[in-house]
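Reading through the structure tokens given below for one structure.
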Amino acid sequence: MLDTRPLLLQTDFPAITRAPLDTLQVNLGYLCNLSCTHCHVNAGPNRTELMDRENIDLVLDFLKSSEVRFLDLTGGSPEMNPHYRYLVTEARALGVNVMNRCNPTLLMEPGYEDLAGFFADNQLIVIASMPCYEEDNVDKQRGKGVYQNSIAGLKKLNALGYGVEGSGLELNLVYNPDEPVLPPPQQALEQDYKRELLAEHGIVFNQLFALANMPISRFGARLLAKNQYTDYMALLRGSFSEANLGTVMCRSLISVDYQGYVYDCDFNQMLELPLIAVDKPRPHLRDLSADVLAGKPVAIGEHCYGCTAGQGSSCGGALA
């Protein structure tokens, strides 16, 4: 696969310093039941990398010793890790809010029929990938039949109260464009999603997160193969907004890979740009204390223009 990493390491992107740590994002592994064309972690059914119990216990130890308010679980499909439910229940027992980045088709897979109920029982914040409200676009990006299975999974969540006003169960959807363009304005797109999904399927949700695709891994390889990389980077750089620098996710989040190594964000994780806020060549979670991070620098590259272009982009959607 073509690799954009060598093109991204040298940059004139502005320096960023860290704020107090609020969110621990943990990649539980690259195993997934789908292989999406835009996936920046190259997840798929044949990946075998999964976080083991020892590192999951390190995650829990870190939560116990810090004031982190959110545990953000991602993958792949994080729920496919055999220690997933142990981690969730222990983290919730600590009073930590758990965000689960969910591929809604997994809720319909054999062996995962009770997963939606587990979400509800533990009051997880569910962030479900749904790259479009139109069937053709979703199936083109994620595979034939994915749209209908996603709709079925979202209906399952709705039936438990997710996304329903007053239920206390939060359901957010995620949009990614499948082309080298910036996402449209998030607020207007959210209104379109809510209107179409309600009218066509009776589905409701809380918020839509519109994310820009980073020029790395699988999407980066596509850009190079189609000779679109230079134009896409010109778009990102030309759309840079300094106002987004104050709220980029890497200021208040750290990303932990399936082996326990620590990065400023999951994009840096995939580019193997380790956390530089501590004096270690490749920091591991066992080396880290949350209280030493504030005011320290963030490792940057050309891909950082993707988070600051236009309305901005983060794991929580638009910044502006």
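Numbered according to my numbering, the sequence shown spans residues 1 to 320. Every residue, glycine too, gets a C-beta built ideally from N, C-alpha and C. The model shown is predicted, which means the values in this text are computed figures rather than measured ones.
Can you give me the C-alpha to C-alpha distance between residue i and residue j, rounded to a whole angstrom?
i	j	result
glycine 145	aspartate 136	10 Å
glutamate 190	glutamine 207	7 Å
asparagine 103	aspartate 61	27 Å
alanine 294	glutamate 67	13 Å
serine 252	threonine 11	22 Å
alanine 152	lysine 280	46 Å
arginine 69	proline 20	11 Å
arginine 53	cysteine 250	26 Å
leucine 271	aspartate 264	11 Å
glycine 316	alanine 210	8 Å
glutamate 129	glutamine 141	A quick correction: the sequence has serine, not glutamate, at residue 129. Roughly 12 Å between the two C-alpha positions.
asparagine 176	isoleucine 254	22 Å
methionine 233	lysine 226	14 Å
valine 292	arginine 18	10 Å
aspartate 57	glutamate 49	17 Å
valine 256	leucine 275	10 Å
arginine 92	glutamate 196	34 Å
valine 298	asparagine 149	39 Å
leucine 87	arginine 282	24 Å
What three-state label does DSSP hand residue i in the structure shown?
i	result
methionine 130	coil
alanine 210	strand
tyrosine 175	strand
proline 110	coil
glycine 44	strand
threonine 74	strand
phenylalanine 62	helix
valine 204	coil
asparagine 97	strand
leucine 50	strand
isoleucine 216	coil
asparagine 81	coil
asparagine 227	coil
tyrosine 162	coil
valine 292	helix
aspartate 279	coil
According to DSSP, which residues form a beta bridge with residue i?
i	result
glutamine 274	With the sequence shown as reference, residue 274 is identified as proline, and glutamine is not the correct amino acid for it. According to DSSP, proline 274 bridges with Tyr263.
phenylalanine 240	Ala309
proline 297	Thr17
serine 314	Gly317
alanine 255	Contrary to the premise, residue 255 reads as serine rather than alanine in this sequence. Beta-bridge pairing links serine 255 to Gln25, Tyr263.
cysteine 32	DSSP output for cysteine 32 lists no bridge partner at all.
histidine 284	Tyr261
isoleucine 125	Met99
Here's the rule I'm using: 16 or more other beta-carbon atoms within 10 Å means buried, otherwise exposed. How should residue i be labelled?
i	result
aspartate 72	buried
glutamine 123	exposed
valine 181	exposed
serine 289	exposed
asparagine 46	exposed
glutamate 179	exposed
With a threshold of 6 Å, establish whether the CB of residue i neighbours any heavy atom of the ligand MG.
i	result
serine 129	What this structure holds is no ligand at all, so the ligand MG is not there to describe.
Throw me the rounded Cβ distance for the residue i and residue j pair, which I believe falls under 8 Å.
i	j	result
glycine 76	tyrosine 30	5 Å
threonine 4	isoleucine 300	Threonine 4 to isoleucine 300, Cβ: 15 Å. No contact.
valine 98	isoleucine 127	So it is not a contact: roughly 11 Å between Cβ atoms.
If we define contact as Cβ-Cβ less than 7 Å, is residue i a contact residue for chain C?
i	result
aspartate 57	The question asks about chain C, but that chain is absent: this structure has only one protein chain.
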